[in-house]
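S.K.:
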Amino acid sequence: MALIETKDIKKDYLLGETVVHALRGVNLTIDRGEFVAIWGPSGSGKTTLLNLIGAIDEPSSGQVFIEDQEVALLSDNRRTELRNGSIGFIFQGFNLIPVLSAVENVMLPLQIKGTSFPEARDRALSRLDEVGLSDFVRHRPDKMSGGQQQRVAIARALVANPSLVIADEPTANLDSDTSRSIIGLMRSLNEKEKTTFIFSTHDQRVLDRVERLVRLEDGRIQDGGDKK
Amino acid sequence: MIKWMKIALRNILKNKRRSFVTLLAIAMGFAAVSLFRGYIHNTYQGLRESAIRGEGLGHLTIYKEGWLEKGKIDPDNYMFSQEELQKIADLVEEDEDVILATPQIHISGLVSNGRTSTIFLANGVIPRDDKTIKGAWAAFRPVRGNELSDKKAYGVEMAQDLAIHLDLKPGGYGVVMAATLDGQMNALDIEVAGVYNTGSDATNDKYLRVPFKFAQSLYDTEKADRLVVLLGNWEKTERVRNRLLSTLSGAGFKCEIKTWNELSLFYSKVKGMFDMIFMFIFSIVFIIVVMSVINTMGMAVLERTREIGTLRALGLKRRGVSLLFAIEGAMLGFLGTILGIVLNIAIWAVIRTIEPTYIPPGVSTPVPLTVNLLPQAMFSLMVFLIFLSLIAAILPARRAAQKNVVDALGHV
Ligand SMILES: Nc1ncnc2c1ncn2[C@@H]1O[C@H](COP(=O)(O)OP(=O)(O)OP(=O)(O)O)[C@@H](O)[C@H]1O
Ligand SMILES: [Mg+2]
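Going line by line, the protein sequences match chains A and B.
For what it's worth, numbering that gives the first Met the number 0 labels the leading residue of the first sequence as 0, then goes sequentially.
For what it's worth, numbering that gives the first Met the number 0 labels the leading residue of the second sequence as 0, then goes sequentially.
1) In chain order, which continuous runs of the alpha helix (DSSP H) of length 4 or greater are located wholly inside the stretch 27-105 of chain B?
2) Is any non-hydrogen atom of ligand 1 found closer than 7 Å to the C-beta of A/V19, if you look at the structure I gave you?
3) According to DSSP, is A/I210 helix, strand or coil?
4) Confirm, please, whether the CB-CB distance from A/T46 to A/L22 is below 8 Å.
5) Can you list the residues of chain A that B/A325 reaches, using a CB-CB cut of under 7 Å?
6) Out of curiosity, what's the CA-to-CA distance linking A/R150 and A/P140?
7) Any idea which residues DSSP pairs A/V63 with across the strands?
8) Please confirm whether B/L46 and B/V269 have their CB atoms less than 8 Å apart.
9) Can you tell me the Cα-Cα spacing of A/K227 and A/R211, whole angstroms?
10) Checking 8 Å against the spacing of the C-beta atoms, do A/K10 and A/S59 come in under that value?
11) Runs of 3 residues minimum, wholly inside the stretch 52-110 of chain A: which ones carry the beta strand (DSSP E) assignment?
12) Do A/I197 and A/L163 have their C-beta atoms closer together than 8 Å?
13) Under 8 Å Cβ-Cβ, which residues of chain B neighbour A/I197?
14) First and last residue of the beta strand (DSSP E) that includes A/R219?
15) Does the beta-carbon of A/D207, which I'm using as the reference point, lie nearer than 7 Å to any heavy atom of ligand 2?
16) In angstroms, rounded to a whole number, what distance separates the CA positions of B/H164 and B/D204?
17) Please go through the same chain and pick out, in chain order, the residues whose beta-carbon is closer than 7 Å to the beta-carbon of B/N112, but skip the five residues on each side of it.
18) Nearest CA to the CA of B/G332: which residue from B/E64, B/L56, B/I287, B/M176?
19) Report the neighbours of B/E306 on chain A: residues whose CB is nearer than 7 Å to its CB, in chain order.
20) With a cut-off of 8 Å, does the C-beta of B/T309 fall near any C-beta of chain A?
21) Kindly indicate if chain B contains any beta-carbon less than 8 Å away from that of A/K112.
22) Relative to the C-alpha of A/S144, which candidate in A/N76, A/I86, A/A166, A/T177 has its C-alpha closest?
23) Please return the same chain residues whose Cβ sits closer than 7 Å to the Cβ of B/E54, not counting the five positions on each side in sequence.
24) Show which residues of chain A have a CB atom less than 7 Å away from the CB atom of B/N10.
25) Would you mind reading off the limits of the alpha helix (DSSP H) that contains A/W38?
26) So is B/M298 buried or exposed if we call it buried at 16+ other beta carbons inside 10 Å?
27) Pull up the CB-CB distance for A/L81 and A/A159, whole angstroms please, since I reckon it's below 8 Å.
28) One question on the structure: do B/R9 and B/T295 come within less than 8 Å of each other, judged by their Cβ atoms?
29) Three-state secondary structure (DSSP) at B/E354?
30) Can you tell me whether A/N263 is buried or exposed? The criterion is at least 16 other CB atoms within 10 Å of its CB, across all chains shown.
31) Strictly below 7 Å CB to CB, what residues from chain B border A/L107?
32) Out of curiosity, what's the CA-to-CA distance linking B/A26 and A/D134?
33) Have a look at A/L49, A/E4, A/L14, A/S85 and flag the residue whose alpha-carbon is nearest the alpha-carbon of A/I29.
34) Is any heavy atom in ligand 1 found nearer than 7 Å to the beta carbon of A/H201?
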């Protein structure tokens, strides 16, 4: 049973008078425990694809299945619950809540779910420990470097034990050393806990530890659509 | 809930200047409404006592059915006979809330000092009962000279402008003339026992207060047109009215009963005016609070659109987004009204300390400006303003929550 399956998804945007074909029919299957990089030039449709897989957007045509559920058939509330329970997000711009400390940010997905405060706190602290930020739990985002903020975001994405973590260009705002260590961290968490990771990048330097590379060009998969 | 309150409070504190301006708007609005409310509450209190005791209206006035419409044309038919007066008074005084029921008669005619004459309106009252009705209020309307007395049958109290027109002083003599109920002209001597101020320019030049028996003999009748009832507690006025109506009709008397506020033209006019001003101030505050909260929260929602997108991606439902901002709005309302209560009490304390006075229209002496502190009204206003801020915050938040997550995330 595949974790993610997309069937011939297309996505068109209307840009003024012209129609932009961001995705032109993508078939992609991702199994549990995979570590997948989506790679392609700017404008190739990486973000669009990840948004569809992350159930925060809908395709113009085609179907997206997450854990065998067709996303388009779910109500907004059910889809939101699905994201909360099964999907973790890591953003290019970190997207931490500025008024919350590191640990409070990490606790958010659990608290949204309704987990009790002490449990949420303990789990958040241990996730922060895993990403090497035990000394920064009380820091607000504006008191942390980009690399540290992205580590907080990784801890937040993992705290609810999702089956899938989606990261759209998680290293685009980081220098190359930090980028490498962020991808390395994601990879080791993937190996340790078998959490599925899908991330996009156009930085070839971070691809050395990737086990599966999907190359996207002009809204179509050029390479890697099937498992190696 | 607590976690969302934490986020809301921190965001309020983060934008100190903007939040402070909003809180100040709510606080000043609260204080303005609440202080004015306290002022008119005090004024109504004064006016009420002034009507019941000062004007001598009592709490309830009982008329024979039809008197108010047809009494002027056919008084004899619509007045209570002596026997009726006695029976009704006995029935009424049986009620546990009634202190006193006393007959009165309103008369009019000409009053003369021997050289000039002018019209007068007079209320014939039983002096002893009248004293009971006035009670402590008598001190506010002092009579120069002597008051009405059961002993001096022809001693009257004269309004001060009327006394000036007729050049009469306490102890002076005059004559009153009027048509009896049968239509004969009748004249009686009076002695001006005392002179008093009615409190209103409109009545100061024509009012007399005369003993009940004197008024009856001027009209050559044993009857009276009304029975004035004094209660122990004004708040029971309406209840006692209904009770008496059924008691009296049960006993076969067809009566109409008016309350003090229906009879006091001054009270209802002033109340009407103040209520209007209150609504005006209230509406302005309403609009200011709604506008400033919508504005503040609208800006907050706009600035935090990406944050909303992030929370939605992490699994917060649309309802949750609305709740988050509703809490923030309600918190603004809460903190604003707390500040407003402080402001309100501070101004109230200042007014109590310096005791400013002012001269209201139609009154000749300055009266102190007094403001009542009304905890219950303040509490309702607080709840109302918090609710208002909450609604004003939800409006922009709902729009943001409806936004598609990708658009919200892409917002810069
Ligand atoms: N909201 C939108 N409205 C119109 N066109 C859009 C919108 N979002 C994306 N596009 C277009 O769709 C195409 C694919 O965009 P997408 O963001 O998925 O590419 P990408 O591979 O993520 O690019 P980048 O590497 O620059 O992030 C591009 O041509 C882009 O201009
Ligand atoms: Mg992109």
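Heads up, the beta-carbon is just placed ideally off N, CA and C, and yes, glycines get one too.
Note that the structure is predicted; figures quoted are calculated from it, not measured.
M.R.: A quick look at the data gives this:
1) Correct list: 66-69, 81-93.
2) Ligand 1 has a heavy atom closer than 7 Å to the beta-carbon of A/V19.
3) Strictly speaking, residue 210 of chain A in this sequence is Glu, with Ile absent from that position. Note: A/E210 maps to coil in three-state DSSP.
4) Not in contact: A/L22 and A/T46 (Cβ atoms no closer than 8 Å).
5) Residues of chain A with a Cβ closer than 7 Å to the Cβ of B/A325 do not exist, since the nearest Cβ in that chain sits about 16 Å away.
6) Taken atom to atom, the span from the alpha-carbon of A/R150 to that of A/P140 is near 11 Å.
7) Under DSSP, A/V63 forms a beta bridge with A/T5.
8) In contact: B/L46 and B/V269 (Cβ atoms closer than 8 Å).
9) With a pLDDT of only 46 at A/K227, under 50, the local geometry of the prediction cannot be trusted, and no value is derived from it.
10) Cβ distance < 8 Å, so A/K10 and A/S59 count as in contact.
11) Runs of the beta strand (DSSP E) inside the stretch 52-110 of chain A: 60-65, 86-89.
12) Against a cut-off of 8 Å, the Cβ pair of A/L163 and A/I197 comes out as a contact.
13) Around A/I197, no beta-carbon contact reaches into chain B at under 8 Å, the shortest distance being about 14 Å.
14) A/R219: member of the beta strand (DSSP E) spanning 219-222, first to last residue.
15) No.
16) Going from the Cα of B/H164 to the Cα of B/D204 covers about 8 Å.
17) Answer for B/N112: L165, D166, L167, G173, listed in chain order.
18) It is B/I287 whose Cα lies nearest to the Cα of B/G332.
19) Per Cβ cutoff of 7 Å: I96.
20) At least one CB atom of chain A sits nearer than 8 Å to the CB of B/T309.
21) Yes, contact with chain B.
22) Here the closest residue by C-alpha is A/T177.
23) Once the five neighbours on either side are set aside, the close Cβ partners of B/E54 are S263.
24) Simply V98.
25) Not the alpha helix (DSSP H): A/W38 falls in the beta strand (DSSP E), residues 34-38.
26) By the 10 Å Cβ count, B/M298 comes out exposed.
27) Contact flag wrong, Cβ pair sits at about 12 Å.
28) B/R9 places its beta carbon 8 Å or farther from that of B/T295.
29) If DSSP states are grouped into helix, strand and coil, B/E354 belongs with coil.
30) Nothing about residue 263 of chain A can be read from this structure; chain A reaches only from 0 to 227.
31) L313, listed in chain order.
32) Between B/A26 and A/D134, the alpha-carbon positions lie close to 42 Å from each other.
33) The shortest C-alpha separation from A/I29 is found at A/E4.
34) Indeed, a heavy atom of ligand 1 lies less than 7 Å from the Cβ.
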